[in-house]
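Written out below as structure tokens is the structure these notes cover.
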Amino acid sequence: MNYPSISVVMPVHNVEKFVPAAIESVLAQTVEDFELIIVDDGGTDKSIEICASYDDPRIRIVTQSNRGLAGARNTGILEARSEYIALLDSDDTWHPEKLALHKIHLDNNPQVGVSYSGSRLMDNDGTPLRQMQRPKLAKVSARDIILRNPVGNGSSPVIRKTALHQIAFFSRDEPNRICFFDETFRQSEDIELWIRMALTNGFKFEGIDGLLTNYRIGSGGLSSNIAAQYESWNRVIAKTKQNAPEFVEQIENEARAYQLRYLARRAVQMGDGAFALSLLKDSAKKSSAPLVKEPIRSVLTFLAATTARYLPSNMVVKLAHSWTGGKVLA
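Take any residue in the sequence shown, count from 1 to its spot, add 123: that is its number in our numbering.
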């Protein structure tokens, strides 16, 4: 039996507005021998009806009760027949050559377990923003991952299946279910996996040039979402500390400072300058590393937070897409 060269895993849960663009960006890939595994994660809107309307034999729909993003990705990976597994969130899209370029990269670099690239950010309407993710591409260590997460977002990586199986484990609640992502995480599940992979197997993380993913970010939201994100990040640190206590001890304060600065920039996006300033204050208490190593970005973050503190929130949200000067919110 001839298997496809790449398996695309796309969880779907109540994304009827965005999922057509995601599917069409896969069908437009210059690599044609792929399979698109759509995991119906128990949504209630018309997303799966839309998915089922595409008449293409390369598309398979797998249905399950809601497990969250980590659980849907695990289900899709278990269904995958290819050696390379590409992850795509159903509100994002790809450049037409993304899969072809990652396949070339992985074919020619067997030591690479996770191939990724830069991303261009877009808003809820699909309009490109000035922000971009231009990650570190080479000589990536576990330290780089916990500090800056060069993989960037959940639609960027193409992963070698053998690398995933080296860190697989059985679910505590379902002893016969194999997991790759930790399904107890509803946020930060990707960074937890990347850190675990970097610390436990011999495969490398390596990026390729180009902005090959269009990563959608919302301009709205609540500060409570930022608090939840920080709580889940803390859980990642706690879990990693159990497995690699010396590694975490050496880097925890610096990593926490970078994470708090990132969340401050997210708070600016949401128009909450007071919360952003509070997060920056906490960041500075943990470590001066972000200011010393990235003074321009740190100062810009402070200025943006101060501006957001005193401008009307609707004006801040509009300005937030341009104040980074074309850099990623990280």
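Ideal Cβ placement from N, Cα and C applies to all residues, glycine included.
**Prompt:** Can you list, in chain order, the stretches of the beta strand (DSSP E) that have 3 or more residues and sit fully within the stretch 325–374?
**Reply:** The qualifying runs are 327–339.
**Message:** Under 8 Å: do the stretch 419–431 and the stretch 383–401 share three or more Cβ pairs, one atom per stretch?
**Reply:** Here the stretch 419–431 makes contact with the stretch 383–401; the two share three or more CB pairs at distances below 8 Å.
**Message:** Can you tell me which residues form a DSSP beta bridge with residue 241?
**Reply:** Paired residues: 334.
**Request:** Could you check the C-alpha separation between residue 452 and residue 203 for me, to the nearest Å?
**Result:** The pLDDT assigned to residue 452 is 44, lower than 50, so where the model puts this residue is not dependable, and the model offers no usable value.
**Asked** Is the number of C-beta pairs between the stretch 317–330 and the stretch 233–251 that are closer than 8 Å three or more?
**Response** At 8 Å Cβ cutoff, the stretches touch.
**Cβ-Cβ distance between residue 173 and residue 131 below 8 Å** = Against a cut-off of 8 Å, the Cβ pair of residue 131 and residue 173 comes out as no contact.
**Prompt:** Are residue 176 and residue 142 closer than 8 Å when you measure CB to CB?
**Reply:** Annotated as distal: residue 176 and residue 142, with beta-carbon spacing of 8 Å or more.
**Message:** If contact is defined by three or more beta carbon pairs under 8 Å, each pair taking one atom from either stretch, is the stretch 364–384 in contact with the stretch 403–410?
**Reply:** Output reads yes: the stretch 364–384 touches the stretch 403–410.
**Message:** Counting C-beta neighbours from all protein chains within 10 Å, is the total for residue 273 16 or more, i.e. buried, or is it exposed?
**Reply:** So residue 273 counts as buried.
**Item:** Classification of residue 193 by the beta-carbon crowding that lies within 10 angstroms, buried from 16 upward
**Value:** Result: buried.
**Item:** Other residues of its chain near residue 279: CB distance less than 7 Å, five sequence neighbours each side excluded
**Value:** Result list for residue 279: 239, 240, 242, 336, in chain order.
**Item:** Proximity below 8 Å, CB of residue 322 to CB of residue 370
**Value:** Against a cut-off of 8 Å, the Cβ pair of residue 370 and residue 322 comes out as a contact.
**Message:** Quick check: residue 138 and residue 162, are their CB atoms within less than 8 Å of each other?
**Reply:** With contacts defined by Cβ atoms closer than 8 Å, residue 138 and residue 162 do not form a contacting pair.
**Request:** Could you name the residues of the same chain whose beta carbon sits closer than 6 Å to that of residue 133, not counting the 5 residues immediately before and after it, in chain order?
**Result:** In its chain, beyond the 5 residues on either side, 161, 211, 213 have a beta carbon closer than 6 Å to the beta carbon of residue 133.
**Request:** Tell me whether residue 186 sits in a helix, a strand or coil according to DSSP, three-state version.
**Result:** Correct three-state label for residue 186: strand.
**Request:** To the nearest angstrom, report how far apart residue 372 and residue 150 are at their CA atoms.
**Result:** If I take the Cα positions, the gap works out to 45 Å.
**Item:** residue 308: first and last residue of the uninterrupted beta strand (DSSP E) it sits in
**Value:** Counting along the chain, residue 308 falls outside any beta strand (DSSP E), and DSSP gives it neither H nor E.
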